[in-house]
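Undergrad: If you read the sequence shown in our numbering, its first letter stands for residue 108, the second for the next number, and so on. The beta-carbon is built from N, C-alpha and C at its ideal position, and this holds for glycine as well. Pasting in a structure now, in structure tokens, and then I'll have a few things to ask.
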Amino acid sequence: SNGYYGAFGAHHTAEDNLDGLRTYDPGMRQAVITAQVTGIEALRAAGATVEPVRIEEIPSQMLKDLTALQAATITRTNGAVTLADLRQPLLDYQSAAHATDVAMQAAEATGDVAAMQSLAAKEQASRDAFYVAGGLLQNGYYHTIDRVFTSFPEIAFAGGKPETIKQGEDRILHAIADATAGLKP
């Protein structure tokens with residue numbers, strides 16, 4: 108972090124102590140994310156069998172963000188677009204992701220490397236479903252349609268353009284279906 112340099116020019120970051128971290132990161136959310144990423148990198152460096160990913164976090168975050176996005180979209184389009192078609196596919200994705208996470212935890216607990224590798228391949232296929240080679244509708248520089256600064260970026264950044272929202276909704280529905288299918292046995 109940039110930290111606080113103080114009156115005497117001494118650099119102190121929020122990471123220097125837990126009280127500072129609690130002040131600058133209420134709920135320790137950024138600290139947890141940083142620890143997860145650090146853990147992934149450490150396991151990669153150590154040649155771990157699979158990344159410590161919990162795939163259910165993806166649909167869970169999307170579901171958390173959906174209601175606010177629906178409200179904004181209804182407002183922007185004067186009720187013409189509700190995004191109601193997204194909830195059930197996301198719940199199906201969350202269910203498949205949860206089952207995958209439970210299976211991965213069991214494989215990790217027993218040291219079943221073959222099962223871990225098989226499940227990790229499914230997780231990667233599920234994550235890959237959200238990659239669009241041509242980029243986002245509004246910005247070809249970004250290629251992940253599940254999250255860029257916010258969930259559902261193609262819809263969130265469409266403004267009040269119903270045709271762009273519909274196109275973004277169709278693309279994310281297709282990706283969610285592919286992500287769910289990637290986790291199925």
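Can you tell which of P269, K273, P292 and F259 has the C-alpha that lies nearest to the C-alpha of P166?
TA: Answer by Cα proximity: F259.
Undergrad: Rounded to the nearest angstrom, how far is the Cβ of R161 from that of D208, given a contact under 8 Å?
TA: That pair is a contact at about 5 Å.
Undergrad: According to DSSP, what are the bridge partners of T293?
TA: Residue 293 lies beyond the range of the chain shown here (108 to 292); nothing can be said about it.
Undergrad: Specify the secondary structure class of Y249 as computed by DSSP and reduced to three states.
TA: The answer is coil: DSSP assigns Y249 none of H, G, I, E or B.
Undergrad: Using 10 angstroms around the beta-carbon of I279, count the other beta-carbons present and answer buried if the total reaches 16, otherwise exposed.
TA: So I279 counts as buried.
Undergrad: Out of curiosity, what's the CA-to-CA distance linking A214 and R194?
TA: Between A214 and R194, the C-alpha separation is close to 30 Å.
Undergrad: When the Cα of T287 is compared with those of D277, V188, A236 and E270, which residue comes out closest?
TA: Of D277, V188, A236 and E270, the residue nearest in Cα terms is A236.
Undergrad: Around the C-beta of V220, are 16 or more other C-beta atoms found within 10 angstroms, so that it is buried, or is it exposed?
TA: By the neighbour-count rule (16 or more Cβ atoms within 10 Å), V220 is not buried but exposed.
Undergrad: How long is the line joining the alpha carbons of R136 and L170, rounded to whole angstroms?
TA: In a straight line, the C-alpha of R136 is about 18 Å away from that of L170.
Undergrad: Our contact map puts T257 next to A263 with C-beta atoms below 8 Å; I'd like the distance itself, whole angstroms only.
TA: The Cβ separation is near 5 Å, so the contact holds.
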